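Let me begin by presenting the structure, written as C-alpha cells, before commenting on it.
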DNA sequence: GGCCAGGACACCA
DNA sequence: TGGTGTCATGGC
C-alpha cells in the first residue's frame with residue numbers, strides 16, 4: 004500500500020501546486036462549497052458569476068435577497084431551491100452567533116468551528132471541512148468522493164470506511180499543515196478529473212504503478 | 001440522449 | 001447502521 008506522503012509527492016510532481024480555492028473572500032469560498040455539492044464546478048462558476056454581477060457575494064447582500072430571486076441567481080448550480088434555503092440559513096446563523104461574519108466563526112479552535120458548521124442544515128462533513136480549510140486556513144482534511152475512489156484503487160481504503168475514518172487516516176499520517184491539506188485535496192480532484200473517473204483512463208496516469216485499475220499485479224496484491 | 005458532477009438529508013427496515 | 005430516493009442543472 005503506497006504511503007500517503009509518497010502519493011502526494013507524485014501528484015504534486017505531475018500537476019504542480021494548484022493554489023485552491025478559486026475565490027476572492029472566505030465567504031465566497033463558503034458559497035462555492037455549498038453550491039458545488041454533487042455539482043460540476045463549471046455550473047457553480049456560472050451561479051457565482053450571477054451573484055457577483057448582482058453584488059451579492061456578501062452575507063448582508065444575500066440575506067437581503069428575496070428567496071426566489073436568490074434561487075434564480077444560483078439556479079445553474081442545480082438543487083437551487085434547497086441550496087438557496089441552506090445559504091440563507093447559514094447567514095442567519097452567522098448573524099445570530101457571529102456578528103454576521105464567517106471570519107468570527109472560523110476564528111475559533113478547529114473542532115469548535117467544525118461542530119458549529121455541522122449543526123447547520125445542509126452542511127455535512129465535506130462542506131464543513133472545505134470551509135474550514137479553504138476559507139479558514141485551518142488544518143482540516145477534506146474527503147470527497149474522489150478521495151474515496153482513488154485511495155480505494157490505490158489500496159489504502161477498503162471502500163466501506165466512514166467519512167470520519169478516512170479524514171482521521173489522512174490527518175494521522177500527514178503533518179497538520181493547512182497548506183499541505185489544501186494542495187493534497189486539490190491535487191486529488193485534479194487527478195481524478197483527468198484519470199480516475201468511473202470509466203478510468205489509465206494510459207497516461209502518473210499513479211498507474213500504484214493503482215489496481217491500471218496495474219494487474221497491484222490488483223492481485225491489495 | 002445518457003452519464004456525470006468537488007453532497008446532504010429524510011426515510012425506512 | 002446501512003441502503004435508497006430526492007433534490008436539478010448543464011457540459012460532454
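In the working numbering, the protein residues as written are 4 to 225. Glycine included, each C-beta is placed from N, C-alpha and C at the ideal position. It should be emphasised that the depicted structure is a prediction, and the values quoted were computed from it without experimental measurement.
For residue i, three-class secondary structure by DSSP
i, result
"residue 44", "helix"
"residue 212", "coil"
"residue 161", "coil"
"residue 154", "helix"
"residue 76", "helix"
"residue 198", "coil"
"residue 107", "helix"
"residue 145", "coil"
"residue 224", "Any reading at residue 224 must be qualified, since the residue scores a pLDDT of 37, below 50, and its modelled position is unreliable; the value itself is stated next. If DSSP states are grouped into helix, strand and coil, residue 224 belongs with coil."
"residue 124", "coil"
"residue 140", "coil"
"residue 203", "coil"
"residue 58", "coil"
"residue 102", "coil"
"residue 6", "coil"
"residue 22", "coil"
First and last residue of the uninterrupted alpha helix (DSSP H) at residue i
i, result
"residue 33", "29-38"
"residue 175", "166-176"
"residue 118", "113-121"
"residue 132", "128-133"
"residue 179", "No alpha helix (DSSP H) holds residue 179; DSSP gives it neither H nor E."
Proximal residues to residue i (C-beta, below 6 Å), its chain only, five neighbours per side dropped
i, result
"residue 225", "Note that residue 225 has pLDDT 35, beneath the 50 cutoff, so the model's placement of it is unreliable and the number below is only indicative. If we look at residue 225 and ignore the five residues flanking it on each side, its Cβ neighbours are 158."
"residue 24", "32 and 137"
"residue 213", "5 and 157"
"residue 187", "11"
"residue 195", "149 and 153"
Supposed contact pair residue j and residue i - C-beta distance, whole angstroms, cut 8 Å
i, j, result
"residue 105", "residue 30", "5 Å"
"residue 91", "residue 50", "Actually they do not touch by this definition, with Cβ atoms about 15 Å apart."
"residue 109", "residue 97", "10 Å between Cβ atoms; not a contact."
"residue 54", "residue 125", "About 17 Å; that fails the 8 Å criterion."
"residue 60", "residue 34", "7 Å"
Proximal residues to residue i (C-beta, below 7 Å), its chain only, five neighbours per side dropped
i, result
"residue 64", "58"
"residue 160", "151, 154 and 169"
"residue 47", "35, 38, 39 and 80"
**OP:** Would you be able to state if there are at least three C-beta pairs under 8 Å between the stretch 137-155 and the stretch 172-184?
**Re:** yes
**OP:** Evaluate contact between the stretch 7-17 and the stretch 40-59, counting only Cβ atoms and requiring at least three cross-stretch pairs below 8 Å.
**Re:** Not touching, per the Cβ criterion.
**OP:** Evaluate the contact criterion for the stretch 177-197 versus the stretch 151-169: three or more CB pairs, one atom per stretch, below 8 Å.
**Re:** yes
Original post:
Are the stretch 203-219 and the stretch 163-172 in contact at 8 Å, needing three or more beta carbon pairs?
Top reply: no
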